[in-house]
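Chemist: Protein chains in written order, with my numbering: chain Y, 5 to 213; chain B, 5 to 213; chain A, 5 to 213; chain E, 5 to 213; chain P, 5 to 213; chain G, 5 to 213.
Cβ coordinates follow ideal geometry from the N, Cα and C atoms, glycine included.
Everything numeric in this text was worked out from a predicted model, so none of it was measured.
Structure provided below as C-alpha cells; questions to follow.
6 protein chains.
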Amino acid sequence: MAISKELINEIGQFSAATLHEALGKTGNLPSGIKPISPKMKVCGTAYTVKTMPCDNMMLHRAYAYAKAGDVLVVNCSNFYEAGYWGDLMSLGAKMKGIAGLVIDGCVRDADDIEAMDFPVFSRGLCIKGTGNHGEGILNQPIIMGEYMVNPGDIIVGDRDGVVVIPQNLVAETIEKARARELKEAKVRIELRKGLNSLQIYGWDKKYGY
Amino acid sequence: MAISKELINEIGQFSAATLHEALGKTGNLPSGIKPISPKMKVCGTAYTVKTMPCDNMMLHRAYAYAKAGDVLVVNCSNFYEAGYWGDLMSLGAKMKGIAGLVIDGCVRDADDIEAMDFPVFSRGLCIKGTGNHGEGILNQPIIMGEYMVNPGDIIVGDRDGVVVIPQNLVAETIEKARARELKEAKVRIELRKGLNSLQIYGWDKKYGY
Amino acid sequence: MAISKELINEIGQFSAATLHEALGKTGNLPSGIKPISPKMKVCGTAYTVKTMPCDNMMLHRAYAYAKAGDVLVVNCSNFYEAGYWGDLMSLGAKMKGIAGLVIDGCVRDADDIEAMDFPVFSRGLCIKGTGNHGEGILNQPIIMGEYMVNPGDIIVGDRDGVVVIPQNLVAETIEKARARELKEAKVRIELRKGLNSLQIYGWDKKYGY
Amino acid sequence: MAISKELINEIGQFSAATLHEALGKTGNLPSGIKPISPKMKVCGTAYTVKTMPCDNMMLHRAYAYAKAGDVLVVNCSNFYEAGYWGDLMSLGAKMKGIAGLVIDGCVRDADDIEAMDFPVFSRGLCIKGTGNHGEGILNQPIIMGEYMVNPGDIIVGDRDGVVVIPQNLVAETIEKARARELKEAKVRIELRKGLNSLQIYGWDKKYGY
Amino acid sequence: MAISKELINEIGQFSAATLHEALGKTGNLPSGIKPISPKMKVCGTAYTVKTMPCDNMMLHRAYAYAKAGDVLVVNCSNFYEAGYWGDLMSLGAKMKGIAGLVIDGCVRDADDIEAMDFPVFSRGLCIKGTGNHGEGILNQPIIMGEYMVNPGDIIVGDRDGVVVIPQNLVAETIEKARARELKEAKVRIELRKGLNSLQIYGWDKKYGY
Amino acid sequence: MAISKELINEIGQFSAATLHEALGKTGNLPSGIKPISPKMKVCGTAYTVKTMPCDNMMLHRAYAYAKAGDVLVVNCSNFYEAGYWGDLMSLGAKMKGIAGLVIDGCVRDADDIEAMDFPVFSRGLCIKGTGNHGEGILNQPIIMGEYMVNPGDIIVGDRDGVVVIPQNLVAETIEKARARELKEAKVRIELRKGLNSLQIYGWDKKYGY
C-alpha cells in the first residue's frame, strides 16, 4: 500500500510538532536527533536500517537499495559517537533521489552536506571513522526511541524534531493536522485580541483559574 | 519592593557572565539552559513556576497571571524531554508584555517563536506534547539548579547563559558590574600593549610565574 | 624537531575527518568539543594544559608561555561546567599570535570571542566563574578522551571535530590525506554518473550485495 | 496460544544471558534494569504497561487485571526518578500470584519487598511519590529499550539482566539454549584441561592467532 | 528552636519514603545518594556544607564544629567523582557523636567505614583524592537536588533514599506519618484478604476500572 | 624490568586509595569500574587490551597470551553496554593463573564468576552478546580514563576502585604508602583521644579555623 506523492507532499506541509499532536501525541523520535542545519526539513517514506556499533556498511547498502523519495532511518545500536555518514554518501544518495537521512548517531562532513542541501538529521557531528563488517538489518521494523518505525512509514522532520506517521494513518493524520491548524488559527486571533489561553479554552471557568 | 524599570534596563546592559562575577560568582542557572537562537537576550523580573513532569497547564496560568516585564522562570521537575511551550503561548505572552521564558526543559515551534522575537531560553527543542493536569507551584520560591529563584528576582540571559540577581542586591550588583567592566577595559588596554595577565595582575612577581 | 610553517599550513587545508582517516582512524578528540561558531577552524602546534576542576590559573600561564602558532589544548579534570576562558584571555592570546583554544570544558563571552575571530573549540558555553589556585600541568603529555596529546603535536579542528596528529607522522599523514582526497574525487565522479558505493568499491561482487 | 507452565518452568532454568544468545543475541532489555537484590530471579508471561511520567495508577490496574504467573513489564515514559511501586503493591501482586515486576523506572520499600521475596527488577530505588491520573497503556505491545515486548511474551531475569522471548520462539529457544549449555559444558572440560578458547574454537589455526 | 531528642528518635522510626509522603511528597534528596551498605540508616539534625569541586577542607571543619547528633549534609558543587570523605574522618566524626554523612559526591575507604558502623550516604565510591583550599559554605542553607536544606532540619535516610524534614514541620510530619502507617496497616489486611487496590481505594467504582 | 612477586604481594597489601595518594593523587582508573562483588580484590601486572565496540575476540586472545599473575586491563572503545566477558573466559583465565580482569565495559555470568572467585572489575553487568571480528590492540599502551596504562604496570583494585602504578615507581610507591599508613595510624590515635583534624594538622592555628 504505497502512499501517493501528493499525500506525502501534503503531509510535509505540516510541522513535526503538529503531526505529533495529530497522531494523539505519538510518533516522536528521540529529541536528540536534530537537523545539522536548523533550516533543513525532511519528508518521505522510511527505508529502515539497523547497524552494529561503529559500522556503516549497512548504510552503503541502504542508499543503493532504497528508492527515490525514501528517507533512510537508522538505528546505530546505541553507539552514537561515530561518523556513520559523510559527503560522499550524501552525494550518492542525492543522485538516487533519496529524500534524506534520519540517524540515531553522528555524521561528518557537515559543511559539504549542507552545501549540497541533502537533509541530514543526527545526534550531532563526529569525525570518528567506522568499520564495514556489515551486520545489521535492512528495511525491516526497527525501534527508534519510544516507537517502532516500519518500512514505508512517513517521516517528517524539521528543526523541532522528527515524527513517524504509520502508513495506514496518513490520510487521517492529515485531516487531524488540518483541523488542528485551523483551530490554532482561531486561537491566534483570540490571542491577538489580548485574551489568554485560560479564557480561550474556558479553563478559567472550568477550574476557577 | 519593586525594582524600577530604569534599574532593570540598566542591569540588562551587562552580560550574564559579568553579573555572575559581580554577584561573587553566584546566581548562575544551569548551563544547559540556552537561548533557542544565539542572538536572543532576556531581562526582567522573575515570575516563577514549577510544573509536574510532562504537564504544562501551569505555564498557561503563569503567562495569564504574570505582569508586563516579567520573565517566566520554570522548573519542570527534572523531566526535560517534552515541548512545554510553543508558538501560541509565545504569542499570548508577547501580547501581555511578558519579557521572555527561561525553562529547565524543552520547547517547540522554534521557527515561529524566533520569527516573533520572543526570547526563549530552554534545554533544547522537543516535539513531545504535554498533558494539562495542572499540579505545580506559581510565583513561589523555586530551585533552578544550584540556586533558589524568588518571585521578583531579576533574570538576565544571553548566549553565554542565564543569571538570577536577588532583588535586594540589584543596586549593589550594578555598581560592582560597572566596576568590573571598568577594570576589564583597563586590562584590555594593557593586553593590547602586549602584556599578559600574569604581568597585569602581578602574578609573575607574586608567584614567580 | 619543530614542524615547519609550510607543513602546518598544508595540513590545515585538510578536514579533521580526512586527517583522522589518514591517521588510520586515530587521533579524534572527544566529539563533544566543537567550535563555538560553526565557521571556526583551528590549526597549530599543541601547547598542552591540565587544570584542576573549576580553576583557570594554568590557562593564564599557558597563553603567556606559549609561542605564536600554538594551540592551547586543555584537559579540565572532567569538570566541564565552568567558564574557563573568556574575551580578555582571547584578546591576550590573539595578541601573542596564539592560534586558538581547544578545551575539554566550557568558556564564556562567546559573542566577543567570535567578534575577534579567535578560534575556540569547547564543550559549550557556561558563565560559572573559576578560581585561581593554580595547580595543574603545563606543556607535558595530557590525555584528551581516547588519545594522548604531546606538546608540539599538530591540532586541526573544524565544525566536524578536532584531530591530533603526532609530530613524527605529519609528513606521512599529509601524503595519505592527499591520496584519500584524490581517491574521493574519483569516487565523486563515479557517484555523479549514478553508480553507488557497492558498485564503486566492488562490494556488490565481493559480498553479493 | 498460551505457553504451558511446563515450558515456562523449563525456560526459567536457563540464565538470561544464555536465552539471549539462544535468541540470536536479541531480546535483551535495558541493562540498567536489575534485581533490587542480586539473588532475585524472575520468570513468567509478560503483562505489559506504559505509564505517564511520575504516575502509577496503571500499575494498580495492572496487578488487578493480570493473572497468576504474569510478570508486569513497565515502561515509565523515560522518567526513571520516581518510586512507582512499593511494599503494598508487592503484597497485593503476590497475593494474586503475580510472578514479579520488571520496570524501566525506580521503586521503593526495598527491604519490605525483599522480605516478602517478590521479585522486582528496576532502575534502582527512589522515594519520590507518584500521581494517579491514570493515562497510559495496558496489555498492548510496548517498547523496552531496543525491543518490543508483546503481552504473553516470556520474561526471564536474573542478576545479569532481563530477556524477553517472543511466544512463538519459546520451544525453539529452549532447544537452542540446551544445545548451548551442552556445548559450553564441553568447552568447560577443555578449559579445565588447560586449553584456551583460541585452541578450542580453532581460531589459532583459522586466523593464525 | 531545637528539636528534642525524643522527637528525633521518633521520626527516625519511619522510613524515608513514608516521611516523604507525610510531607506532601516533598523533601526527597537526589535518589543517586544511597547508603554505602544497604543496612545503614541515618537520622539527625542537618549541619550543612558546600564544598568547591574536589576540595574537602570544609568537611574537616564541618565535623569539628558540628555537635553530637548532627548529620553532615554536603553539596560538592556538582563534582561527584572524588573521594571527599574516608575512614579517618569517619573515626573523628564518630568520636564526636556525629550521626552520619549525607554527601552529593563520592567517598572512599568503604570497608573501614562500614566496619566502624558510621552511616555514610553518597553517590558512590571513588579513590580520587581532594585538595584542601577550603572555600565553601558552613551551616547555611544549601541546595540538595530539588530542595533547600537548612541547618537544623531533620535528615532521615535508609536504603530507599534520604528525606529532609523542615524543623517547623517535624511534629506535624510525625503525626501524618503515623496516620499513613495506620492506613497502610489497614490496606495490608485488605490485600491479604485478596482484594486489590482498585477495590480498596474505590477506584473500580469511581473510574469504572 | 619485571617486578618481583614479593613486591607485587607487598603492594597488594595497600588499599587502592592509599596507593593513589602515595602516587601523588594519580593513577586512579574511572570510578565507574568496580568489583562485581564488594569483597573482590585484584593485584597484578597489566596485560593491556583495546577492543572495538561490542567485540570480544581480543579478550580471548588476551587471556591466551597473558602470563600467570597478569591482570587483563581492557578499554572497550567507550561502548560499555555489552557483556564482553563471562564464566567460560573466567575459567580459562583462572586455569592459566591470570590474576583478574579490569574492564571499562560490562560482563555477564556474575554468579558463576563469583563462585569461582575470579576477580572481575567492570562497569556493571549486561547480557548483550558481542561479535568476534577481532580488531584492536594487545599489550600496548592504552588509555583508561585519565591515565595511560602500560603493559607491566601494577594494577591494584578493591571495593573503592582501581589504581595503576607505573613499573618504575613501585618501590617508591610502597615506601610512600607505608609512610602514609604510619602517619594515618598516628592520626587515628589522636582522633581516638577526641582531637579533630583541624587540631591534629594544625589548621586551627594556621588558618584560624
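(1) Fully enclosed by the stretch 130 to 157 of chain E, which beta strand (DSSP E) runs are 3 residues long or longer?
(2) Restricting to runs no shorter than 4 residues, where is the alpha helix (DSSP H) found entirely within the stretch 59 to 113 of chain A?
(3) Suppose you measure from the CA of E/Arg163 to the CA of G/Leu33; what does that come to, to the nearest Å?
(4) Note down the Cα distance separating G/Lys98 from G/Lys45, rounded to an integer number of angstroms.
(5) Please confirm whether E/Gly109 and E/Val78 have their CB atoms less than 8 Å apart.
(6) On a CA-only basis, which of E/Gly31, E/Leu63 and E/Asn200 is nearest E/Asp138? Give me that one, please.
(7) Using a Cβ-Cβ cut-off of 7 Å (strictly less than) and excluding sequence neighbours within five positions of P/Gly198, which residues of its own chain qualify?
(8) Can you check which of these residues, P/Ser81, P/Ala68, P/Pro39 and P/Ala50, is closest to P/Pro57 by C-alpha distance?
(9) So which residues of chain A does G/Tyr151 contact, with C-beta pairs closer than 8 Å?
(10) At the 8 Å Cβ level, is B/Lys54 part of the contact set with chain Y, yes or no?
(11) Which residues, in chain order, does the stretch 166 to 199 of chain A contribute to contact with chain Y at a C-beta distance below 7 Å?
(12) Tell me whether B/Tyr51 sits in a helix, a strand or coil according to DSSP, three-state version.
(13) Going along the chain, which residues of its own chain have a beta-carbon closer than 7 Å to the beta-carbon of G/Glu85, five neighbours each way excluded?
(14) For P/Gly104, which residues from the same chain have a beta carbon less than 6 Å from its beta carbon, with the 5 sequence-adjacent residues on both sides left out?
(15) In whole angstroms, what is the alpha-carbon distance linking B/Val166 and B/Glu10?
(16) Taking the alpha carbon of B/Leu173 as the reference point, which residue from B/Ala72, B/Thr30 and B/Ile102 has its own alpha carbon closest?
(17) Taking 8 Å as the CB-CB cut-off, is P/Arg163 touching chain E?
(18) Where does A/Ser19 fall in DSSP's three states?
(19) Give the residues of chain Y in contact with A/Leu129, contact being defined as C-beta atoms less than 9 Å apart.
(20) Could you tell me the distance, in whole angstroms, from the CA atom of G/Val53 to the CA atom of G/Asn143?
(21) Any beta carbon from chain E within less than 8 Å of P/Ser201's own beta carbon?
(22) Inspect the beta-carbon positions of B/Tyr213 and A/Arg65 and report whether they are closer than 8 Å.
(23) With 16 other CB atoms within 10 Å as the buried threshold, where does E/Tyr151 fall?
(24) At a CB-CB cut-off below 9 Å, which residues of chain F make contact with E/Lys29?
(25) May I have the straight-line CA-CA distance separating G/Ala68 from G/Tyr51, to the nearest angstrom?
(26) Closer than 6 Å by C-beta to P/Met61: which residues in its own chain qualify, once you throw out the five before and the five after it? Chain order, please.
(27) Does the Cβ of Y/Arg112 have 16 or more other Cβ atoms within 10 Å, making it buried, or fewer, making it exposed?
(28) Less than 8 Å between the C-beta atoms of A/Gly73 and A/Thr55, yes or no?
(29) On the criterion of 16 or more Cβ atoms from any shown chain inside 10 Å, does Y/Arg127 qualify as buried, or is it exposed?
(30) Are P/Glu179 and P/Thr22 close, meaning C-beta to C-beta below 8 Å?
(31) Which bits of chain B does A/Tyr67 rub up against, with CB to CB less than 9 Å?
(32) Between G/Leu195, G/Pro170 and G/Ile102, which has its C-alpha nearest G/Gly28's C-alpha?
(33) Between the Cα of G/Asp116 and those of G/Lys71, G/Glu188 and G/Leu92, spot the shortest distance and give me the residue it belongs to.
(34) List the DSSP bridge partners of G/Ser126.
(35) Along the beta strand (DSSP E) that carries Y/Ile178, what are the first and last residues, could you check?
(36) Take A/Arg182 and list the residues in its own chain whose beta-carbon comes closer than 7 Å to its own, dropping the five residues that flank it on each side.
Modeler: In short, the structure shows the following:
(1) DSSP runs (the beta strand (DSSP E)) wholly in the stretch 130 to 157 of chain E: 140 to 142, 146 to 148 and 151 to 153.
(2) Segments of the alpha helix (DSSP H) lying fully in the stretch 59 to 113 of chain A: 61 to 69 and 91 to 100.
(3) Working through the fourth sequence from its first residue, we reach residue 163 of chain E at position 159. Working through the sixth sequence from its first residue, we reach residue 33 of chain G at position 29. Each residue's alpha carbon lies about 25 Å from the other.
(4) To locate residue 98 of chain G, count along the sixth sequence from 1; it is residue 94. To locate residue 45 of chain G, count along the sixth sequence from 1; it is residue 41. About 15 Å.
(5) Stepping through the fourth sequence from its first residue, residue 109 of chain E is reached at position 105. Stepping through the fourth sequence from its first residue, residue 78 of chain E is reached at position 74. Their beta carbons are under 8 Å apart, which means E/Gly109 touches E/Val78 by this criterion.
(6) Counting from one through the fourth sequence, the residue named residue 138 of chain E turns up at place 134. Correcting the residue identity first, residue 138 of chain E is Gly in this sequence and not Asp. Looking from the CA of E/Gly138, the closest CA among E/Gly31, E/Leu63 and E/Asn200 belongs to E/Leu63.
(7) If you number the fifth sequence from 1, residue 198 of chain P lands on position 194. Once the five neighbours on either side are set aside, P/Gly198 has no close Cβ partner at all.
(8) For this step, residue 57 of chain P is matched to residue 53 along the fifth sequence. The residue with the shortest Cα to Cα distance from P/Pro57 is P/Ser81.
(9) Locating residue 151 of chain G in the sixth sequence gives position 147, counting from the first residue. Simply Ile147.
(10) Within the second sequence, numbered from 1, the residue matching residue 54 of chain B stands at position 50. For B/Lys54, not one C-beta of chain Y is nearer than 8 Å to its own C-beta.
(11) Contacts with chain Y (Cβ-Cβ distance below 7 Å) from the stretch 166 to 199 of chain A involve Val167, Glu188, Val191, Arg192, Leu195, Arg196 and Gly198, listed in chain order.
(12) Indexing the second sequence from 1 puts residue 51 of chain B at position 47. Three-state result, B/Tyr51: strand.
(13) To locate residue 85 of chain G, count along the sixth sequence from 1; it is residue 81. Within its own chain, the residues whose Cβ lies closer than 7 Å to the Cβ of G/Glu85, once the five positions on either side in sequence are excluded, are Cys110, Cys130 and Lys132, listed in chain order.
(14) For the purposes of this step, residue 104 of chain P is taken as the residue at position 100 of the fifth sequence. Hits under 6 Å: Val46, Val75 and Pro123.
(15) Taking the second sequence and counting its residues from 1, the one referred to as residue 166 of chain B is at position 162. Taking the second sequence and counting its residues from 1, the one referred to as residue 10 of chain B is at position 6. Answer to the nearest angstrom: the Cα atoms are 20 Å apart.
(16) Taking the second sequence and counting its residues from 1, one reaches residue 173 of chain B at position 169. Answer by Cα proximity: B/Thr30.
(17) Translated into positions along the fifth sequence, residue 163 of chain P becomes position 159. So yes, P/Arg163 belongs to the interface.
(18) The residue you call residue 19 of chain A lines up with position 15 of the third sequence. Here A/Ser19 sits in coil by DSSP.
(19) Stepping through the third sequence from its first residue, residue 129 of chain A is reached at position 125. Per Cβ cutoff of 9 Å: no residues; A/Leu129 is ~16 Å from chain Y at best.
(20) Counting from one through the sixth sequence, the residue named residue 53 of chain G turns up at place 49. Counting from one through the sixth sequence, the residue named residue 143 of chain G turns up at place 139. Roughly 6 Å between the two C-alpha positions.
(21) Here residue 201 of chain P corresponds to residue number 197 of the fifth sequence, with the count starting at 1. Chain E, which has a Cβ nearer than 8 Å to the Cβ of P/Ser201, makes this yes.
(22) Here the question's residue 213 of chain B lines up with position 209 in the second sequence. Here the question's residue 65 of chain A lines up with position 61 in the third sequence. The answer is yes: Cβ separation under 8 Å.
(23) The residue given as residue 151 of chain E occupies position 147 in the fourth sequence. Burial call: buried.
(24) Of the protein chains in this structure, namely Y, B, A, E, P and G, none is chain F.
(25) Along the sixth sequence, read from residue 1 onward, the residue named residue 68 of chain G stands at position 64. Along the sixth sequence, read from residue 1 onward, the residue named residue 51 of chain G stands at position 47. Between the C-alpha atoms of G/Ala68 and G/Tyr51 there is a straight-line separation of about 11 Å.
(26) Here residue 61 of chain P refers to the residue found at position 57 of the fifth sequence. These residues qualify, in order along the chain: Asn136 and Gly138.
(27) Start at 1 with the first residue of the first sequence, and residue 112 of chain Y comes out as number 108. Buried.
(28) Counting from one through the third sequence, the residue named residue 73 of chain A turns up at place 69. Counting from one through the third sequence, the residue named residue 55 of chain A turns up at place 51. Cβ atoms of A/Gly73 and A/Thr55: not closer than 8 Å.
(29) Taking the first residue of the first sequence as 1, we reach residue 127 of chain Y at position 123. Its Cβ being crowded by 16 or more others within 10 Å, Y/Arg127 is buried.
(30) For this step, residue 179 of chain P is matched to residue 175 along the fifth sequence. For this step, residue 22 of chain P is matched to residue 18 along the fifth sequence. Going by C-beta atoms, P/Glu179 is not nearer than 8 Å to P/Thr22.
(31) As a first step, residue 67 of chain A must be located in the third sequence, where it is residue number 63. Result: Asn200 and Ser201.
(32) As a working mapping, residue 28 of chain G is identified with position 24 in the sixth sequence. If we check each option's Cα against that of G/Gly28, G/Pro170 comes out closest.
(33) Walking along the sixth sequence from the start, residue 116 of chain G turns up at place 112. Of the listed residues, the one whose Cα sits closest to G/Asp116 is G/Leu92.
(34) Position 122 of the sixth sequence, counted from the first residue, corresponds to residue 126 of chain G. DSSP lists G/Lys38 as partners of G/Ser126.
(35) By 1-based counting over the first sequence, the position of residue 178 of chain Y is 174. Y/Ile178 -> not in any beta strand (DSSP E); alpha helix (DSSP H) instead, spanning Val174 to Arg196.
(36) Here residue 182 of chain A refers to the residue found at position 178 of the third sequence. Around A/Arg182: no qualifying Cβ.
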